[in-house]
Each structure stands twice: as C-alpha cells, then as structure tokens.
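The structure appears below as structure tokens.
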Amino acid sequence: MTMKKVALGIVGAAIISVLTAVITIFGTQMLAKNGVDIKKGPDIFSSHDTGKPKTFVEVKNVVVTLQSEISGQHYLLMDLAFASTEEEAVKEVTALSPVLRGVTVSLLSPMDYDKLREMPMDTVRQKLLAAYTERLNKLHSPKPFSDVIISKMVYQ
1 MTMKKVALGI VGAAIISVLT AVITIFGTQM LAKNGVDIKK GPDIFSSHDT GKPKTFVEVK
61 NVVVTLQSEI SGQHYLLMDL AFASTEEEAV KEVTALSPVL RGVTVSLLSP MDYDKLREMP
121 MDTVRQKLLA AYTERLNKLH SPKPFSDVII SKMVYQ
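Quick note on numbering: the sequence shown equals residues 1 to 156 in my numbering.
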C-alpha cells in the first residue's frame, strides 16, 4: 500500500465520521423539536389520543353456528378482546360477558357461512362494535370499552 492510498483512506474515514456526527446532531434536534424525549425514545405502542394505558378484557370461546347453502352447517369459534382506558372496565366487561356473547351470536348466526368468510376482518369488527353499542344503549348501560379486537376466528 502506498502512502497516498493510506492518506485517502484516513481522509475518507474522517469525512464519513463528520457526516455521521452532523446527521446525528440534526436528527436529535429534530426529534427534540417534535417533543420526543431523546433519552427515552419514541413510544410506538402508546395511544396518541389519550395518555392512559389500554386495558384489555378477553371473552373467549364464543361459538356461533352458521349455515351455508352449499355445504350445510358450520361453526365459528371466536375469541374477542375489549379495549378500554379504564381499569374498572375489567369488572364491567366481565359482568356484561353474557350480553356481549349474545349480541355476537345474534349478529353472526343469521349470516351465510361463505359470505362471512369472504368479509374483511375489519368489517366484521365494525359490525360487532356497532351491534354492541346499539344493544348497550337499549339496556341503558354505559359502554365500558372503546374498541373490540377479534383475536381468534376459527371456521369449521
């Protein structure tokens, strides 16, 4: 190796080091300007609408009987999770579990098996959430959750 190549390597490494430092400082300043705690880092799992952590209450093994014109009777097994920002929602959702199961069965059992399978998961979730809200309003009961998550959906 010649002295010229060594000098070019050292100069190249120095330039790369300086550029890296400038980019790091610039990025740190931009994050601080946007309100991100640099030492803690951004929290990608936090909800931006509230500062409260989410509480999830599971309602497992909801079984729905479905009919199909083509292949007869089928079953759907679902696990649901109800999201809330309130800690006391665990007791309320647990107490409402029979109502939530009943609404789920009432909504899904008249549906055709093949049409339900073709339906996007988010559409099913939205229909469930609307049905829960409607039923709880009829019962004059506050809704102790803000969202429903379908954690399992097994067709047989």
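Every residue, glycine too, gets a C-beta built ideally from N, C-alpha and C. The structure presented is a predicted model; accordingly, all values stated were derived computationally and were not measured.
Cβ neighbour criterion (16 or more within 10 Å) applied to residue i
i: residue 89; result: buried
i: residue 45; result: Because the pLDDT of residue 45 is 48, which lies under 50, any placement of that residue in the model is unreliable, and the number read from its coordinates should be weighed accordingly. Exposed.
i: residue 155; result: exposed
i: residue 78; result: buried
Separation of residue j from residue i, as counted between CA atoms
i: residue 86; j: residue 24; result: 39 Å
i: residue 73; j: residue 103; result: 20 Å
i: residue 69; j: residue 30; result: 59 Å
i: residue 55; j: residue 17; result: 46 Å
i: residue 60; j: residue 143; result: 19 Å
i: residue 135; j: residue 71; result: 32 Å
i: residue 8; j: residue 26; result: 27 Å
i: residue 139; j: residue 92; result: 14 Å
i: residue 6; j: residue 22; result: 24 Å
Under 8 Å between C-beta atoms of residue i and residue j
i: residue 100; j: residue 108; result: no
i: residue 83; j: residue 58; result: no
i: residue 76; j: residue 153; result: yes
i: residue 149; j: residue 124; result: no
Segment limits, beta strand (DSSP E) that includes residue i
i: residue 79; result: 72-84
i: residue 147; result: 147-155
i: residue 60; result: 55-68
Residue range of the alpha helix (DSSP H) that includes residue i
i: residue 134; result: 121-138
i: residue 92; result: 89-95
i: residue 114; result: 113-118
Check your understanding: Between the stretch 59-75 and the stretch 120-133, are three or more C-beta pairs nearer than 8 Å?
Key -> By the Cβ criterion, the stretch 59-75 is not in contact with the stretch 120-133, since fewer than three pairs of Cβ atoms, one from each stretch, lie closer than 8 Å.
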